[in-house]
Structure formats: C-alpha cells, structure tokens
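Engineer: Chains as they are written, first to last, in the numbering used here: chain A, 233 to 421; chain B, 233 to 421; chain C, 233 to 421; chain D, 233 to 421. C-beta: ideal position from N, C-alpha, C; glycine also. This is the structure I want to talk about, given as structure tokens.
Number of protein chains: 4
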Amino acid sequence: MSTTLTTLAPELAVSEWFNTPARLTLVGLRGRPVFLHSFQLLCPGCVSESIPQVQRIERIFGHTDLQIIGIHTVFEHHQAMTPVTLKAFLHEYRIRHPVGVDLADERFDTPITMQRFSLRGTPSSILIGRDGTILHQTFGVEEDLAVGARIAMALSASIPEVAATSPAQDESGCADGRCEVTRPSTSAA
Amino acid sequence: MSTTLTTLAPELAVSEWFNTPARLTLVGLRGRPVFLHSFQLLCPGCVSESIPQVQRIERIFGHTDLQIIGIHTVFEHHQAMTPVTLKAFLHEYRIRHPVGVDLADERFDTPITMQRFSLRGTPSSILIGRDGTILHQTFGVEEDLAVGARIAMALSASIPEVAATSPAQDESGCADGRCEVTRPSTSAA
Amino acid sequence: MSTTLTTLAPELAVSEWFNTPARLTLVGLRGRPVFLHSFQLLCPGCVSESIPQVQRIERIFGHTDLQIIGIHTVFEHHQAMTPVTLKAFLHEYRIRHPVGVDLADERFDTPITMQRFSLRGTPSSILIGRDGTILHQTFGVEEDLAVGARIAMALSASIPEVAATSPAQDESGCADGRCEVTRPSTSAA
Amino acid sequence: MSTTLTTLAPELAVSEWFNTPARLTLVGLRGRPVFLHSFQLLCPGCVSESIPQVQRIERIFGHTDLQIIGIHTVFEHHQAMTPVTLKAFLHEYRIRHPVGVDLADERFDTPITMQRFSLRGTPSSILIGRDGTILHQTFGVEEDLAVGARIAMALSASIPEVAATSPAQDESGCADGRCEVTRPSTSAA
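This is the structure in structure tokens:
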C-alpha cells in the first residue's frame, strides 16, 4: 500500500484559475491522464521551449481525454509576476488550456503545489496516470519523441477500478488545501 | 483473410546493404516493430528533416527492440545517386543503422520496394508492427510527438503467436524478389 | 531645410531608465549611430525574435561606437507590464544595454516616444545616423544580413560637422517633453 | 608591392561550370565585389548552414553588383561527388548562381583552387573586393550580421582605377591553370 501512496500525485493548491469555468482538482480528474506543466511567465526556458511543447501536445493529443493543466509556480520576482500580468500573458501567447496560480506560502518563496511535488524549478512537467499516480516527472524540457511515447502509454492504460474508490480516500487526506499523501517539500529551486 | 493480406507489409527488395553484416528481411524481423525510412540522398527534405528525425528515434528508442531500416529509394537522378555516393553520404552524415539500396526495376524509374509499398515519394516512413502489418505509412515528415506515440504503441503490443507461422507462408509468396501479398505499384512519385 | 527636419529623429521621452547610470538623449548621442529597439515584454515576437536579434547586434558590434537602446513602449495591458515587471524581465533575459520606459500619455494608450516616431506596434526598430537622422525604421524583424549591412553603413559614415550645431537647434524645438520636428502620432498598433 | 600581391585573390581553376553561359574569372570580374563559397555536396555543414546562408545573401543583395560564385572543392570521396552528382544536387537544392568544379590535381587530394586559397576545408568563404584583393576569408560559417556588414562595406567601396591595369598584369602570372601570386598550398583539410 505504501508504494501506491508515495507515487500518488498530491493535490493542486490554486488561488486563482484561468481558462476554466470551474476549479480543477486532480482527484476530480481521476480516470483521465493529466499533463501538468509548471512554469513562470518570466522564465526564458518556459517561454521558448516548454510552452511551445505544451501547445504541440495540445494539438496532437487534442482528440484524446488527456487533460492539460498549467500551473504558475512563482518562486522569485513575486511582485513582477502577478495574476494581472499572467492574464495578459495567457492572452498574448494564446494559451487556452486551464492555468492555475499556485497558492503562495506565507513562510516560503516557493508556493504550495510546487512544494508538494518537490519541483526543482521551472519549467517542470508531471505526467499523471488515470489512477492518479505520477508516471513521470521532470525538470526542464524533454524531447518530443519521448514525451509523445509516454503520453501514448498513459492514454492506453485501462481506466482503473480504483478510480471509483480512491477519490474519497484521497479527499479525506486533504485538508486546508493540503494532502497527507506526500510530505510537503519546502526547498525552493 | 484479404484484410490481413492487404495490411501485411510487402517484403523489401534490396540490391546492396550498408551498416549490416547480414541481409535483412521483414519476414526475418517478424516479432519486432520496424521503422522503415525511405529516402534519397539528394532529397532536401530528407537531409534536413526526416534523417535528423530518424536519428532522434534511434537515440530515444535505442534501448528497445525497435528495428530502424533505411531504404534508398532512388526514382530520379539515378546516375547521381549511386551506391558509391550513398556509402560516402552515410559516412559523412554518421548514419549507423542498416540501409538498403532499393532494387532497380529495368522497366520503371521507381525501384521495386518503392513500388510494393506504393510510396508517393521521399521522404516516406512506414511503421510495421510485431505481426508484420503496416501500422502507419506516411509521405513527408510528421511531428515527433505523434511519431513517438505511435512507436510506443507498436512497442507495447504483445508478440503475436502468428509470428511463428506467417514467415513460411509469406516466403512462399515471394519469388524473383517479389512478393504476391501486394500488387506492385508502378507509379513514380 | 524641411527635408532635414522631417528625417531628424525626435527625442526620446522616458519616465525611468534601467541599465544606465545617467539618462540618455538622442541629442546627447549625436555623433554616434544609435540602434533603437521598441518592444513590450509580453509581445511574443519581441521575446522570440527581436530581442535575440538585438543581443546578436550587441555581440557583433560591441567593439564599435554603436549605441543600442531599448524602449519599453507599452500600448496595451498597461497594468500587466509595469516597471517592476520590466526590471525582472531584463534580469531574467540578461538584457544589459540601456532600456527606457516610454513616457505614458494620460490621454492615449500609446506612450509619447512611440507617438513621436509614429510606430505601428512592437517590435519596431529605428537606426539613427551619426547626424541624428533616421536612416531606417521598420515594424517587425528584418533579416540579419540586411540589418548588419545597414549598421555597417551607419558606422562607416563620417562624423558630421553638423553635430556641433544641430543639438542646440533641436533642443530649442523640444518643450514639455515633446519635439516639434515630427507631428505626434496617436494611433496605437 | 609584396603586400598587395599577398592579398590579391589568386585566380580560380575550374574544370566545369554550371549555371553560367560563360566561364568566369576573378580577373574578368575586377571592379565588382565577389562572394566565393567553397563547398562539397556531401558536407553536412555546407548543406545545413552555408548554402542556406549563400541563398539568403543572394536574396538580400540580389539588386547589387555583388557576384556570388560557388566552387565545388572536393578533397575527399572523389568518386562519390562527381559533376553528374553535383548537377543533380544544384537542381534539387535550387542553386541558381554560377558554380564551378574545382580543378583536380593529379598529385594531391586537394584541388587546385582550394590549394591556391589555402582553404582548410569546407565550408569556406572568401569575400573579394572590387580591386581583386581578399577582404575576408573564413573556414566555417559566420553570423549573418557580420557577413552582411562586410558585404555592405565591400559594395560601398569605390571602383578602383587599378581595375583597368591589374588584369593584364595578373593574367601574365597565370599559366598552366596556375597563378604565381600565391604559393599553392597542398594541405588537405
């Protein structure tokens, strides 16, 4: 059982959503694979490499049930990358998939979701399986061939029976925007 | 039965091999997925796009049992793209996977393998499954995300029982460098 | 005389400078060629194309007396592209040449310098000769070969005698942060 | 005097021309700047970088009197890069400027023109001024900004009086396809 717990993706902690009428949760998306993209709008590698890749993923896998989610994980220049600036950025870069603002932590520069996934910096991406487990997590941008192969495998996995029961179990572990399944990491990248 | 026959990949017809100690046949590779890359050394799109993609495929999927095969399908400028020039080309471009020279047809500009697969031109690529069937065939170069996804699916397929019996059946249909399973196409691209 | 007046570059109107200990004026730079780059930090074409080109110009012509100046001409999303965000942007993109914030106009979205040069949008660039005249102005990004050729011609021009007298003449035409030599354009791009 | 001699470009030695109705000589082109591009059709860096750059030069400076000349300097894989293959290559890559086949030397792998210019390998380029002197010579590909700047300077030079007299002087020094102005280098790259 512990093996499953350590690889289960922690829940998102989001203060504000863009491009979605309703708040998204990983628990609520159980049964679908999720491509989670962590970025900052002033991160050069995000703008030139990872965001274009996410937009290619959106185009190539748009006919599948893959859910793409961006998460704006600001861990530096907080005053420079506000939600107002993010909103204009999403407009100018024609980003149309849901993007959440990672919930700030009063005690640390690194926001909550970033801590939960122990992200080293931006850009990072996490591929989450239909059963809610982390299939792959990386810092930086990997080659499209490898990314495409992993997404295909995630899509081809059968929808688990577990999906019906684990949400409730998982939700019980989440409180105050925080889930117990992973120990929050507080190291900023 | 006819459905199976029409999608079974026809056999290669090769006059000379490079980068392999022994001649390769699709029948002999049954059980493994094959990425077949059709090119000409003076084809700009091959040099700038498809060959770099094949080399990325080789790097990303090098640890799997995917077999990459190049086939030099000369259908124009025959005197300019001889095996001597091809050999130097493979050396200069550091192409290390097996490459076969498509067997010339005395009657047509288009060589035999190219006819069998009804290729429209170069670059073309054909993804062949573990069971010897054509999973995907394309003229031009597709995006890495899509190519990676297809190769992953081909790799994840289970090795078919059929593999033990179909080779003999298929070989019986091949004579004079020609297999009966597909009607040879003679249209040059 | 009118011919000269119409091609003389209008003065910059800047509310805040970065990467320079002292305020810059075109009049003060008379005698040196100036490459003026107009951009917005949330403009995709600026980030992916014109800013990299300016950085190449900086590297290739760094040993000459060419003065490169960036001007942040915000004409949309004003709340999203504040000086605080610009400062972090310059830091993250390692932009080390002087950058001025184009002076906002209370009446129009388009800032003052942008109006004076009748810029159609971002990115734009203006090459100013040693005599203070506009040698070339363009909206969008031109090819490096052409840009390099123009800068070389600007650099090879002899320093004009005029340089000693025209500044005074020009300054007299500037009042209230506005110069008379060009009719301010108020159309936003 | 010797200073002038050492920088005067040696004459081309060409066995076969493509894309030109008449043989070209540097002496005959005196008065015009010349961009000389040395390449081999199986040289990856030539195909991916220098040839595209030459085609950009052709487009940007097509309205000037700059003469672009390609020279196929084969110093390896001689049997693989014959004039027949070169002709098809020029057709497929849509190269329309004059290209000469560097004259083979029976004693060395390196052909004659390549020896005369002491080229280290391919791609190389030589910019020749209106007065026939070598303004710049490089092995590899330089940035467009720098190349554009140098061509602009070559174009802006005034046509020298010398042009009327030096050709005769230079031709007298050329015999047996060889000119005396430079000591032939025989080192292959």
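In whole angstroms, what is the alpha-carbon distance linking B:F267 and D:T345?
Structural biologist: Taking the straight line from one Cα to the other gives about 44 Å.
Engineer: Starting from A:F250, trace the beta strand (DSSP E) both ways and give me its first and last residue.
Structural biologist: Where A:F250 is concerned, the enclosing beta strand (DSSP E) stretches over V246 to F250.
Engineer: Considering only residues of the region 334-372 of chain C, which uninterrupted alpha helix (DSSP H) runs meet the minimum length of 4 residues and lie entirely inside it, listed in chain order?
Structural biologist: Counting whole runs of 4 or more residues, the region 334-372 of chain C contains the alpha helix (DSSP H) stretches 344-348.
Engineer: Smallest Cα separation from D:R328: which of D:H309, D:Q369 and D:E290?
Structural biologist: Closest option to D:R328, Cα to Cα, is D:E290.
Engineer: According to DSSP, simplified to helix, strand and coil, what is A:I292?
Structural biologist: Reduced to three states, the DSSP call for A:I292 is helix.
Engineer: Within its chain, find whatever has a CB closer than 8 Å to the CB of C:L274; leave out the 5 residues flanking it on each side and keep chain order.
Structural biologist: Around C:L274: H309, A312 and M313.
Engineer: When you compare the CB positions of D:S280 and D:H269, do they come within less than 8 Å of one another, or not?
Structural biologist: Cβ atoms of D:S280 and D:H269: not closer than 8 Å.
Engineer: Since D:H309 is in the beta strand (DSSP E), which residue starts that stretch and which ends it?
Structural biologist: No beta strand (DSSP E) holds D:H309; DSSP gives it neither H nor E.
Engineer: Using 8 Å for Cβ pairs, my map puts A:S356 next to A:T342. What's the rounded Cβ distance?
Structural biologist: Going by Cβ atoms, the distance from A:S356 to A:T342 rounds to 12 Å, so no, they are not a contact pair.
Engineer: To the nearest angstrom, report how far apart C:G364 and A:Q287 are at their CA atoms.
Structural biologist: Taking the straight line joining both Cα atoms gives about 44 Å.
Engineer: Determine the direct distance from the alpha carbon of A:G353 to that of A:V373, and round the result to whole angstroms.
Structural biologist: Taking the straight line joining both Cα atoms gives about 12 Å.
Engineer: Taking only beta carbons into account, state which residues of the region 311-330 of chain C come closer than 9 Å to chain A, listed in chain order.
Structural biologist: Those residues of the region 311-330 of chain C that come within reach of chain A (Cβ to Cβ, closer than 9 Å) are Q311, A312, M313, T314, V316, T317, L318, K319, A320, F321, H323, E324, Y325 and R326.
Engineer: What's the call for C:A384, buried or exposed, on a 16-neighbour Cβ count within 10 Å?
Structural biologist: Its Cβ being crowded by 16 or more others within 10 Å, C:A384 is buried.
Engineer: Are the C-beta of D:C275 and some C-beta of chain B separated by less than 8 Å?
Structural biologist: At least one chain B Cβ lies under 8 Å of D:C275.
Engineer: If we define contact as Cβ-Cβ less than 8 Å, is D:S280 a contact residue for chain B?
Structural biologist: Yes - at least one Cβ of chain B is within 8 Å of the one on D:S280.
Engineer: Quick one: grab the DSSP three-state call for D:Q272.
Structural biologist: D:Q272: coil per DSSP, three-state reduction.
Engineer: At a CB-CB cut-off below 7 Å, which residues of chain B make contact with A:E243?
Structural biologist: The contacting residues do not exist; A:E243 stays about 28 Å from chain B at best.
Engineer: Could you say which of B:R262, B:P284 and B:F307 lies nearest to B:D297 if we only look at CA atoms?
Structural biologist: That would be B:R262, whose Cα lies nearest to the Cα of B:D297.
Engineer: Quick one: what does DSSP say A:G277 is sitting in, helix, strand or coil?
Structural biologist: Three-state result, A:G277: helix.
Engineer: Closest by CA to D:P276, which one among B:S388, B:R382, B:A320 and B:F340?
Structural biologist: Among B:S388, B:R382, B:A320 and B:F340, the Cα nearest to that of D:P276 is on B:A320.
Engineer: Which of the three DSSP states is assigned to B:V266 in this structure?
Structural biologist: DSSP places B:V266 in strand when its eight states are reduced to three.
Engineer: Starting from A:V379, follow the alpha helix (DSSP H) in both directions and report where the run begins and ends.
Structural biologist: Start and end: D376 to S388.
Engineer: Thinking C-alpha only, which one of D:R382, D:A386 and D:A381 is nearest D:R362?
Structural biologist: With distances taken between Cα atoms, D:R362 lies closest to D:A386.
Engineer: For D:A396, count neighbouring C-beta atoms within 10 Å of its own C-beta (all shown protein chains included) and say buried if the count is 16 or more, exposed if not.
Structural biologist: Low confidence applies to D:A396: its pLDDT is 42, below 50, so where it sits in the model is not reliable, and the reading given next is rough at best. Classification for D:A396: exposed.
Engineer: Are the C-beta atoms of A:D341 and some chain B residue less than 8 Å apart?
Structural biologist: No, its Cβ sits nowhere closer than 8 Å to a Cβ of chain B.
Engineer: Nearest CA to the CA of B:L244: which residue from B:P315, B:P253, B:V259 and B:T252?
Structural biologist: Checking every option, the nearest Cα to that of B:L244 belongs to B:V259.
Engineer: Going by the DSSP bridge assignment, what does C:I283 pair with across the sheet?
Structural biologist: Note: C:I283 sits in no beta bridge, so no partner.
Engineer: Taking only beta-carbon positions, decide if B:G302 is within less than 8 Å of chain A.
Structural biologist: So no, B:G302 is outside the interface.
Engineer: At a CB-CB cut-off below 7 Å, which residues of chain A make contact with B:I292?
Structural biologist: By Cβ distance, chain A contributes E375, L377 and A378.
Engineer: Checking contacts by CB at 8 Å: is A:H269 closer than that to chain C?
Structural biologist: No, no contact with chain C.
Engineer: So, does the CB of C:R264 fall closer than 8 Å to a CB anywhere in chain D?
Structural biologist: So, not an interface residue.
Engineer: Can you tell which of A:V306, A:I360, A:G302 and A:F307 has its C-alpha closest to the C-alpha of A:P330?
Structural biologist: Comparing Cα-Cα distances from A:P330 to each of A:V306, A:I360, A:G302 and A:F307, the minimum goes to A:G302.
Engineer: When the Cα atoms are used, what is the spatial distance from C:A241 to C:F340?
Structural biologist: Cα-Cα distance, rounded: 22 Å.
Engineer: Roughly how far, in whole angstroms, is the beta-carbon of D:S390 from the beta-carbon of C:S388, given that I think they are within contact range, below 8 Å?
Structural biologist: Between C:S388 and D:S390 the Cβ distance is about 13 Å, and since that is not below 8 Å, they are no contact.
Engineer: If you count every other CB in all the chains shown that lies within 10 Å of the CB of A:H304, and 16 or more means buried, which is it?
Structural biologist: So A:H304 ends up on the buried side.
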